[in-house]
Each structure stands twice: as C-alpha cells, then as structure tokens.
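Numbering (the numbering used here), first residue to last: -12 to 291.
Using N, Cα and C, we set each Cβ at its ideal position, and we do this for glycine too.
In what follows, a structure is listed as structure tokens, so that the remarks can point back to it.
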Amino acid sequence: MEDEKFSVVIPYYNKGDKLIRALNSLDYLYINKVYVVNDKSPIPIPNNKYNKKVQFIELVENKGPSYCRNLGASLVESDYILFLDADDYFRPALFNDLHNIISNINPPVISWGIEKVQKFDELSLDEKDSSNIAYKLEGLFFFQRAKLNKFLGMTSSSFCIQKKVFEELNGFDNNLRLQEDPEFFCRVCEKYNVCFINKIYSYYDISDQCSLSQANFNNIMYPTYLKRIRFTKEQLLIKFYKAEFTKYYLMALMNKKNKNYRVFLKENSLRLFSFKWKLLFVILSKVPESMYKAVYRFYRYAKY
-12 MEDEKFSVVI
-2 PYYNKGDKLI
8 RALNSLDYLY
18 INKVYVVNDK
28 SPIPIPNNKY
38 NKKVQFIELV
48 ENKGPSYCRN
58 LGASLVESDY
68 ILFLDADDYF
78 RPALFNDLHN
88 IISNINPPVI
98 SWGIEKVQKF
108 DELSLDEKDS
118 SNIAYKLEGL
128 FFFQRAKLNK
138 FLGMTSSSFC
148 IQKKVFEELN
158 GFDNNLRLQE
168 DPEFFCRVCE
178 KYNVCFINKI
188 YSYYDISDQC
198 SLSQANFNNI
208 MYPTYLKRIR
218 FTKEQLLIKF
228 YKAEFTKYYL
238 MALMNKKNKN
248 YRVFLKENSL
258 RLFSFKWKLL
268 FVILSKVPES
278 MYKAVYRFYR
288 YAKY
C-alpha cells in the first residue's frame, strides 16, 4: 500500500509481556513490516495473536542490540525505518503525523519527544489527536546540542530514518554493546539535519532496573564517539566532548578494578582540558570507588 512508508525493528531480550505492549502501540495502517529480533533471550517471546505484519527472527547466539537493529534494518523494504526497544512504546498518532510530514518535506531523519515512565498509561495508546504538529528542521549536531541542553530528544525509540541514509552510515556499530546509541546519533547529526517534532510520541520505560544498560554498567569505557572529536576545533563539539567525558569518567570510577578509567587520563583524552582540569581528574581517581557508588545511588533515588 502507498501509505505503508514505515517499517519497525524491535530487538527483544528478556522483556516478556512488555513486547506485547510495544506491538500494540503501532498503527499498522502505515507500517509495511515489523521485525522482532530475538537476541537469544532466556525469556521466550510471549504467545499471542500478533498482527500478520509482524515477523519474528530468532538468533542462535546473543549478539547485542546493534546487531539486532542492523539485521532487522537489512530486511526493510520501506522508505523509512523506526526502532523501538521491546519495553518502550509509541503513541499511535506518531505514524499518521510522520506520514504527513514526509509527504511535505521528505526529511532524511526525524526525531520527536520521549517521556520516561514507570507505570503504563493506556490513555497514551488511545490518543490519536494529530492537531498542531509543530516541527522544525534543525541544523547539524542536533543530538549533541540536545545533550548539552539536558534534553531527551533523540533516542533509539524516538527517531525515524530513511533506509538509504541508514545504509550509507553503515548502521549501528556491531562491535558496541554499550554507548552504541550516542555513537550512532553523533555520526547521523554530523552529516544530516534532523527534523524535530516538538511533541511526545515515545515512552521510555524505566521501571526495570535490570535493563541491558544496567547490566553493562560496570563495563563503562571511554566512548568511541569521543575519540573522533578529541582533536576538534568546533566550539559546540568541544563543549559536548567535555560534558560527555566528565560524565563517563565519573561513572568509570565506580569500578576501578577493570582499570577502564585509566584511558580517560591519557594525554590525547585530556587534550581539550586545561591543566587545572587535568589535575582535578587525576585527584578524583584517588577517591575510593565506594564514594562514587554511594553518590550515584543517592542520585538515582532522588531522581526516580
């Protein structure tokens, strides 16, 4: 059908019935195919009467979310691809609004607002009001600017991309099981302008504290996407580098046993910082990791 401009790729790992919620949040009128990639999950995909457009792919070994997304994307035959984590969900009005936007301007990348939730709200699935769609073509570095402004805009469950653009960028990095999303978004926004819809269409479930990102928390490393810009002279990217570096360095200090924090202290990693900041980072490396863990637990408690 002419309206079936979109395909959705959903990596699945240990999310149980939340997958049903994710699939129920899709407006299949505008969807060509949905690819659910089972990443060798110990918890099987629930038995249910699924829409005939949903196709399940079973991996024989665990490969990680990047591989699952890339595999699903390679099967897509529609113009645009959306990705959705199995425990997140959309507002169905998203697809009608996306269809209207691409009919007018056909942007390479589209992003929209996402809200963190701890409890499922069925009203969000019933709401299909598509009035007052406010969207704007942003300049380059949209993801980086959003991060600097503490704005949760572009995530793996809140963007849409032309298949040809995704392929040109070679998709997500299969070698990454951590920080794969920001690495991809940095590459996207260094080359393409993003059309941003100023409306919440995605819901990010934070009720499961045993998510994949939490499981990999002890393996925090110096982000690969920072390596590419540590010699930059672009002021916005310098600010972005410093903010991301500081965040991940402090997180790495919560597990000194793996010695990942030492990469942050190398000269090339610190080259964009002044001598005072370099000295401070060295001093911080002497603080016991238990202190950082205690501060982080308090932060999580206060935030959620």
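The Cβ neighbour count for residue 105, taken over all protein chains shown within 10 Å, is under 16; the residue is labelled exposed. In this structure, residue 75 lies away from residue 120, with their beta-carbon atoms at least 8 Å apart. Around the CB of residue 275, fewer than 16 other CB atoms lie within 10 Å, so the residue is classed as exposed. In its chain, beyond the 5 residues on either side, 130, 134, 210, 212 and 231 have a beta carbon closer than 8 Å to the beta carbon of residue 169.
In the three-state reduction of the DSSP assignment, residue 280 falls in the helix class. Under the Cβ criterion (8 Å, minimum of three pairs), the region 88 to 100 does not count as touching the region 2 to 22. Taken in chain order, the complete alpha helix (DSSP H) segments of 4 residues or longer contained in the region -9 to 50 are 5 to 11. At least 8 Å separates the beta-carbon of residue 0 from that of residue 161. Closest in alpha carbon position to residue 278, among 246, 268, 241 and 34, is 241.
The DSSP assignment places 199 to 202 and 211 to 214 as complete runs of the alpha helix (DSSP H) inside the region 177 to 226, in order along the chain (cut-off: 4 residues). For residue 82, the enclosing alpha helix (DSSP H) starts and ends at 80 to 91. Contact between residue 66 and residue 46 does not hold, since the beta-carbon distance rounds to 26 Å and is not under 8 Å. By the C-beta criterion, the region 132 to 149 is judged to be in contact with the region 221 to 228, since at least 3 inter-stretch pairs fall below 8 Å. Annotation: the continuous beta strand (DSSP E) that includes residue 146 extends over 146 to 149. Excluding five sequence positions before and after residue 176, the CB atoms of its chain that fall closer than 7 Å to its own CB belong to 127, 128, 129, 130 and 131, given in chain order. Per DSSP, the continuous alpha helix (DSSP H) segment holding residue 62 begins and ends at 52 to 62. Residue 15 is not a Cβ neighbour of residue -7, given a cutoff of 8 Å. Residue 271 carries a helical assignment under DSSP once its states are collapsed to helix, strand and coil.
The straight-line gap separating the alpha-carbon atoms of residue 256 and residue 239 is approximately 14 Å. Following the DSSP letters along the chain, one finds residue 69 inside the beta strand (DSSP E) bounded by residues 67 to 70. For residue 153, the three-state secondary structure derived from DSSP is helix. For residue 125, there is no enclosing beta strand (DSSP E), as DSSP marks it with neither H nor E. The criterion of a C-beta distance shorter than 8 Å is not satisfied by residue 139 and residue 184.
Counting the other Cβ atoms within 10 Å of the Cβ of residue 143 gives 16 or more, which makes it buried.
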